[in-house]
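Oh and the sequence shown: position 47 is 47 in the UniProt record's numbering, straight run, nothing missing. Ideal Cβ placement from N, Cα and C applies to all residues, glycine included. Remarks on the structure that follows.
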Amino acid sequence: MPPSSDQTQSSSSESTPATGEGRTVLGAGDISRALRRIAHEILEANKGADGLVLLGIPSRGVPLARRLAAIIAEVEGSAIPVGSLDITMYRDDLRRQPTRAPMPTEIPDSGVDGKVVVLVDDVLYSGRTVRAALDALADHGRPAAVRLAVLVDRGHRELPIRADHVGKNLPTSQSETVRVRLADFDDADSVTITGGVR
Numbered sequence: 001m002p003p004s005s006d007q008t009q010s011s012s013s014e015s016t017p018a019t020g021e022g023r024t025v026l027g028a029g030d031i032s033r034a035l036r037r038i039a040h041e042i043l044e045a046n047k048g049a050d051g052l053v054l055l056g057i058p059s060r061g062v063p064l065a066r067r068l069a070a071i072i073a074e075v076e077g078s079a080i081p082v083g084s085l086d087i088t089m090y091r092d093d094l095r096r097q098p099t100r101a102p103m104p105t106e107i108p109d110s111g112v113d114g115k116v117v118v119l120v121d122d123v124l125y126s127g128r129t130v131r132a133a134l135d136a137l138a139d140h141g142r143p144a145a146v147r148l149a150v151l152v153d154r155g156h157r158e159l160p161i162r163a164d165h166v167g168k169n170l171p172t173s174q175s176e177t178v179r180v181r182l183a184d185f186d187d188a189d190s191v192t193i194t195g196g197v198r
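This is the structure:
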C-alpha cells in the first residue's frame, strides 16, 4: 500500500496519527459533492478549462487531483493535464524529523510554463506543505498563476497561506487528528476526527 499522507505530522497532508475510528465528518457522498463543487469553482475562476494543469501533492492529493480532472473533463468535454508534485525534499523540517521515501513527481508533457496550476491536497493545516510545493513547482517552470484546492481546511496556519478552493472548513484543536481515507488507498472515502480534549 502506498505511504499514507496522514500517517505522520511531517507528511504531505500535514495530518497527524490517528487512533481508533473517531467521528466521521464527511462520508463518501459528502466528498463527492465537495469535489464536484470545487471543480466548478476552478472552472469559474479560470473561465473554462483552457490552460489549466492539476498537480496533486502525494499521497492523497494525487487521486483527488485525478477525480477533479475527471469531473472537469465531464463538464467541459475535454481532458485537462493532471500530474503529481512530490515535496519531500523541499520540506523545512528535514533536519528534525525522519523523511519518507520521495514519491514520483509527474509533470504533464505540456509543462507548467504559462499555465494556471492548481495544487491539490487533502488537508491544509500549517501551510508548510504548500510552501514546500511552491518551491518544488519553481524547479519545473514558471506558471502564469498558482492556486490551491484542498478537501479540508482545518486551520492552525503557521504561514500566510490560504486555499482558493475548499471542500470543507473544519475547525479543530491542535490535539485533534484529521484523517482522510480515500478508496484509492483505503477501504472507503471518509474524513474523520479523533483525539482532542474530552
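Practice problem: Just confirm the distance between the C-beta atoms of Glu74 and Ala49, as a whole number of angstroms; I'd bet it's less than 8 angstroms. | Solution: Actually they do not touch by this definition, with Cβ atoms about 11 angstroms apart.
Quiz item: How about the segment 84–92 and the segment 124–144: do they share at least three Cβ pairs that are nearer than 8 angstroms?
Solution: yes
Quiz item: Are the segment 22–33 and the segment 53–60 in contact at 8 angstroms, needing three or more beta carbon pairs?
Solution: no
Exercise. Please go through the segment 99–166 and give each complete alpha helix (DSSP H) segment of 4 or more residues, from N-terminal end onward.
Key: 128–138
Quiz item: Going by beta carbon distance, what residues of the same chain come within less than 8 angstroms of Ala34, once the five residues before and after it are set aside?
Solution: Leu26, Leu151, Gly167, Lys168
Exercise. Enumerate in chain order the residues of its own chain whose CB-to-CB distance from Ser12 is below 7 angstroms, with the five nearest sequence positions on each side excluded.
Key: Confidence at Ser12 is low in this model, with a pLDDT of 38, below 50, so the placement of that residue should be treated as unreliable; the coordinate-derived value is given next. The answer, listed in chain order, is Ser5, Ile57, Pro58, Ser59, Gly61, Ile87, Asp121, Thr129.
Quiz item: If you count every other CB in all the chains shown that lies within 10 Å of the CB of Gly83, and 16 or more means buried, which is it?
Solution: buried
Quiz prompt | Contact check, Gly68 vs Leu54, beta carbons under 7 angstroms | solution = For the sequence presented, residue 68 should be read as Leu rather than Gly. Cβ distance < 7 angstroms, so Leu68 and Leu54 count as in contact.
Quiz item: For Ile80, which option in Leu134, Asp109, Met103 has the closest C-alpha, if you only look at C-alpha atoms?
Solution: Asp109
Quiz prompt | Spatial distance of Ile72 from Ile42 (CA atoms) | solution = 9 angstroms
Practice problem: Could you spell out where the beta strand (DSSP E) holding Leu52 opens and where it closes? | Solution: 52–56
Quiz item: Can the beta-carbon of Arg154 be found less than 7 angstroms from the beta-carbon of Val178?
Solution: yes
Quiz item: With 16 other CB atoms within 10 Å as the buried threshold, where does Leu159 fall?
Solution: exposed
Quiz prompt | Cα-Cα separation between residue 210 and Asp164, rounded to whole angstroms | solution = In the structure as shown, the chain begins at 1 and stops at 198. Residue 210 is therefore absent and cannot be evaluated.
Quiz prompt | Reduced DSSP secondary structure (H/G/I, E/B, other) of Ser4 | solution = Model confidence at Ser4 stands at a pLDDT of 37, short of 50, so the residue's coordinates are unreliable; what they give is reported in the following sentence. Three-state DSSP puts Ser4 in coil, outside helix and strand.
Quiz prompt | Check whether Ala144 and Val118 have beta carbons under 7 angstroms apart | solution = no
Quiz item: DSSP puts Leu26 in a beta bridge; with which residues?
Solution: Val191
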